[in-house]
Ligand code: BG6
């Protein structure tokens, strides 16, 4: 097998989000956030995209898996010790905004919440693991959703500013790598988690969606500037969901359609956060959809001043598109679908497996932006079988990860500057799209089932030992 040269200091590790691992949803004065009202189960997506979604907890109707999640809140020491045993150099995690500002609009932060992340960062550093922190990972305070209408409301920008100032000041000696909004572009398809509101009516989605985006871009620029001022030497990136878009065939109609899908979904947000200005193609889009952005004096200058240092992105799959498509052709995917690609196999959840797509993604992003890239999510959601002797043979996961790491190795040979790789769900957790525990990504198995039962005991999978060798050999042993 070919061996690859990964740079010295490459940030190997794993990725998580507070709402999917922590639990303790009311502990330490934490306030409720969006993830706390997301029901479990495969119907989650349908409930969320239903215009009647009410952002409330109905214990008589649903089970809420994020409330306890995998109890990282109490078990972080044990989990970090396991990450250290694998040799992690980096651990991507998020801070739950509602631990720091329980409602979101307070003027003073919650000391208990701040102290919790102090302990987590100290534990990571004790093991020589660098925290990579997402500031907002689908965890907006529920109060800001229900009382302010989410990111549609300009006031949220100043609440966010207070939040970032609090965490940068508190953790300035502990956290060097930051990212602003997780998968910021996902709000174009599913605004609930990222933008904090649901679309009541398909025709009315454009104005509020893009106004909310403008506020997030301003907030992101404020965060970047504050980070640079408060923590000299820190690096702060954007984070996008990137699935390269392929045209189904060489029909120029389809090629143009695929290009436009790519511009809007893959590049629009990153263009603003990286280049500091709205891309040209959005002018026509805004006009055609009667979008009239309310831009305050100084906003456009701020966007220019607050451009990011690197691009973090998630890659699970590519996407194939065609202008006219039938329901039968549709494929499932990570928030966005497309149509089935006849050359690719898919996971049990219908996500198509395409390692070359990762090399394509890296090339496209680097060609466009010439900024360091960080693969902060990639992984294989699968059903795992716990054998009688306690072992888990997840060779399918190893195959997936190996091929994707090889694609990164190829991209490094292509000349691309890649900072690291934190695979998604290094420990089993609640799935974001379906609220299932049985959709597992981890190197570490967690005994927790879809009905909420389970001891929460951790077990090492076969992939645990494989990844340990990958890291120890700096990517030579795959
Ligand atoms: C990404 C999200 O879209 O995909 C994560 O940033 C999420 O939060 C991951 O968990 C995998 O998706 P899922 O639905 O399988 O958990």
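In my numbering, the protein residues as written are 103 to 580. Every residue, glycine too, gets a C-beta built ideally from N, C-alpha and C. Just so you know, these numbers come straight off a predicted model, no measurement behind them.
1. Have a look at 362, 376, 253, 373 and flag the residue whose alpha-carbon is nearest the alpha-carbon of residue 386.
2. Quick one: using the 10 Å Cβ neighbour count with 16 as the cut-off for buried, is residue 104 buried or exposed?
3. Is any heavy atom in ligand 1 found nearer than 7 Å to the beta carbon of residue 483?
4. Going by DSSP in three states, residue 322 sits in which element: helix, strand or coil?
5. What residue range does the alpha helix (DSSP H) around residue 188 cover?
6. Select from 349, 173, 193, 516 the residue whose C-alpha is nearest the C-alpha of residue 277.
7. Write down every uninterrupted run of the beta strand (DSSP E) in the segment 213-291 whose length is 3 residues or greater and which is fully enclosed by it, in chain order.
8. Hey, is residue 343 close to ligand 1, as in C-beta under 7 Å from one of its heavy atoms?
9. Where does the unbroken beta strand (DSSP E) through residue 475 begin, and where does it stop?
10. Just to check my reading of the structure: residue 543 and residue 569 have Cβ atoms closer than 8 Å, yes? What is that Cβ distance to the nearest angstrom?
11. Mark residue 494 as exposed unless 16 or more other C-beta atoms lie within 10 angstroms of its C-beta, in which case mark it buried.
12. Is the segment 104-115 close to the segment 182-199, with three or more CB pairs under 8 Å?
13. Taking 8 Å as the cut-off, does the segment 203-213 touch the segment 239-251 (at least 3 CB pairs, one atom from each stretch)?
14. Where does residue 347 sit, in a helix, a strand or coil, going by DSSP?
15. Roughly how many angstroms separate the alpha carbons of residue 382 and residue 366, rounded to a whole number?
16. Let me know the secondary structure DSSP gives residue 565 once reduced to three states.
17. Can you give me the start and stop residues for the beta strand (DSSP E) that residue 453 sits inside?
18. Measuring only from the beta carbon, is residue 114 closer than 7 Å to any heavy atom that is part of ligand 1?
19. Assuming residue 463 and residue 418 form a contact by the criterion Cβ under 8 Å, report the distance between their Cβ atoms to the nearest whole angstrom.
20. Are the segment 282-294 and the segment 224-233 touching by the rule of at least three beta carbon pairs closer than 8 Å?
21. What residue does the beta strand (DSSP E) around residue 414 start on, and which one ends it?
22. Quick one: is the Cβ of residue 137 within less than 7 Å of any heavy atom of ligand 1?
23. Assuming residue 294 contacts residue 155 under a Cβ cut-off of 8 Å, what Cβ separation, rounded to an integer in Å, is found between them?
24. Can you check which of these residues, 269, 501, 396, is closest to residue 317 by C-alpha distance?
25. Please confirm whether any heavy atom of ligand 1 lies closer than 7 Å to the CB of residue 416.
26. For residue 541, verify whether its CB is less than 7 Å away from any heavy atom of ligand 1.
27. Evaluate residue 213 with the Cβ neighbour count: other Cβ atoms within 10 Å of its Cβ, from every protein chain shown; 16 or more gives buried, anything less gives exposed.
28. Taking 6 Å as the limit between beta carbons, can you name the residues of its chain near residue 519, skipping five residues before and five after?
29. At which residues does the beta strand (DSSP E) containing residue 548 begin and terminate?
30. What does the Cβ neighbour count give for residue 200, buried or exposed, with the cut at 16 atoms within 10 Å?
31. Is it buried or exposed, residue 571, if we count other Cβ atoms within 10 angstroms and call 16 or more buried?
32. Using a Cβ-Cβ cut-off of 8 Å (strictly less than) and excluding sequence neighbours within five positions of residue 178, which residues of its own chain qualify?
33. Could you give the first and the last residue of the continuous alpha helix (DSSP H) run that contains residue 387?
34. Tell whether a beta-carbon distance below 8 Å holds between residue 322 and residue 408.
35. Just to confirm, is the Cβ distance from residue 135 to residue 186 under 8 Å?
36. Of the residues 555, 497, 181, which one's Cα is nearest the Cα of residue 166?
Taking the coordinates as given:
1. Residue mapping note: residue 386 aligns to position 284 of the chain shown, counting from 1. Nearest of 362, 376, 253, 373 to residue 386, Cα basis: 362.
2. Here residue 104 refers to the residue found at position 2 of the chain shown. That one is exposed.
3. Looking up residue 483 in the chain shown gives position 381. Within 7 Å of the C-beta of residue 483 there is at least one heavy atom belonging to ligand 1.
4. Position 220 of the chain shown, counted from the start, is the residue given in the question as residue 322. When secondary structure is reduced to three states using DSSP, residue 322 falls in the helix class.
5. To locate residue 188, count along the chain shown from 1; it is residue 86. Note, residue 188: alpha helix (DSSP H), 174-188.
6. Here residue 277 refers to the residue found at position 175 when the chain shown is read from its first residue. The option with the nearest alpha carbon to residue 277 is 193.
7. For the segment 213-291, whole beta strand (DSSP E) runs of length 3 or above, ordered along the chain, are 232-238, 279-283.
8. Taking the first residue of the chain shown as 1, we reach residue 343 at position 241. Within the cutoff, so yes.
9. Along the chain shown, one-based indexing puts residue 475 at 373. Per DSSP, residue 475 belongs to the beta strand (DSSP E) from 475-479.
10. One-based indexing of the chain shown puts residue 543 at position 441. One-based indexing of the chain shown puts residue 569 at position 467. The pair is not a contact, with the Cβ atoms about 12 Å apart (cut-off 8 Å).
11. On the chain shown, residue 494 is found 392 positions in, with the first residue counted as 1. By the 10 Å Cβ count, residue 494 comes out buried.
12. The answer is yes - the segment 182-199 touches the segment 104-115, with three or more Cβ pairs under 8 Å.
13. Judged by pairs of C-beta atoms under 8 Å, the segment 239-251 touches the segment 203-213, as three or more such pairs exist.
14. Counting from 1 along the chain shown, the entry for residue 347 is found at position 245. For residue 347, the secondary structure class from DSSP, reduced to helix, strand or coil, is strand.
15. Here residue 382 corresponds to residue number 280 of the chain shown, with the count starting at 1. Here residue 366 corresponds to residue number 264 of the chain shown, with the count starting at 1. Rounded to whole angstroms, residue 382 to residue 366 spans 11 Å at the Cα level.
16. Numbered from its first residue, the chain shown carries residue 565 at position 463. Helix at residue 565.
17. In the chain shown, residue 453 corresponds to position 351, counting from 1. Segment: none, residue 453 is in no beta strand (DSSP E) and carries neither H nor E.
18. For the purposes of this step, residue 114 is identified with residue 12 of the chain shown, where counting begins at 1. Answer for residue 114: no, Cβ out of range of ligand 1.
19. Taking the first residue of the chain shown as position 1, residue 463 is located at position 361. Taking the first residue of the chain shown as position 1, residue 418 is located at position 316. By a beta-carbon distance limit of 8 Å, residue 463 does not contact residue 418. Their separation comes to about 10 Å.
20. No: fewer than three Cβ pairs fall under 8 Å.
21. In the chain shown, residue 414 corresponds to position 312, counting from 1. That run of the beta strand (DSSP E) goes 412-416.
22. In the chain shown, residue 137 corresponds to position 35, counting from 1. Flag unset: Cβ of residue 137 not near ligand 1.
23. For the purposes of this step, residue 294 is identified with residue 192 of the chain shown, where counting begins at 1. For the purposes of this step, residue 155 is identified with residue 53 of the chain shown, where counting begins at 1. 7 Å between Cβ atoms; contact.
24. Taking the chain shown and counting its residues from 1, the one referred to as residue 317 is at position 215. With respect to the C-alpha of residue 317, the residue from 269, 501, 396 having the closest C-alpha is 396.
25. Your numbering for residue 416 matches position 314 in the chain shown. Relative to ligand 1, residue 416 has its C-beta within less than 7 Å of a heavy atom.
26. By 1-based counting over the chain shown, the position of residue 541 is 439. Result yes, Cβ under 7 Å from ligand 1.
27. If you number the chain shown from 1, residue 213 lands on position 111. Exposed is the call here.
28. Translated into positions along the chain shown, residue 519 becomes position 417. Once the five neighbours on either side are set aside, the close Cβ partners of residue 519 are 474.
29. Start at 1 with the first residue of the chain shown, and residue 548 comes out as number 446. First-last of the beta strand (DSSP E) with residue 548: 546-548.
30. In the chain shown, the residue the question calls residue 200 occupies position 98. Residue 200 should be labelled buried.
31. Working through the chain shown from its first residue, we reach residue 571 at position 469. Counting Cβ neighbours within 10 Å, residue 571 comes out exposed, since fewer than 16 surround it.
32. Walking along the chain shown from the start, residue 178 turns up at place 76. The residues are 221, 222, 225.
33. Numbered from 1 along the chain shown, position 285 holds the residue referred to as residue 387. For residue 387, the enclosing alpha helix (DSSP H) stretches over residues 383-390.
34. On the chain shown, position 220 is the one that residue 322 refers to. On the chain shown, position 306 is the one that residue 408 refers to. With contacts defined as CB atoms closer than 8 Å, residue 322 and residue 408 qualify as a contacting pair.
35. In the chain shown, residue 135 corresponds to position 33, counting from 1. In the chain shown, residue 186 corresponds to position 84, counting from 1. No, the Cβ-Cβ distance between residue 135 and residue 186 is not below 8 Å.
36. Counting from one through the chain shown, the residue named residue 166 turns up at place 64. Residue 166 has its Cα closest to that of 555, out of 555, 497, 181.
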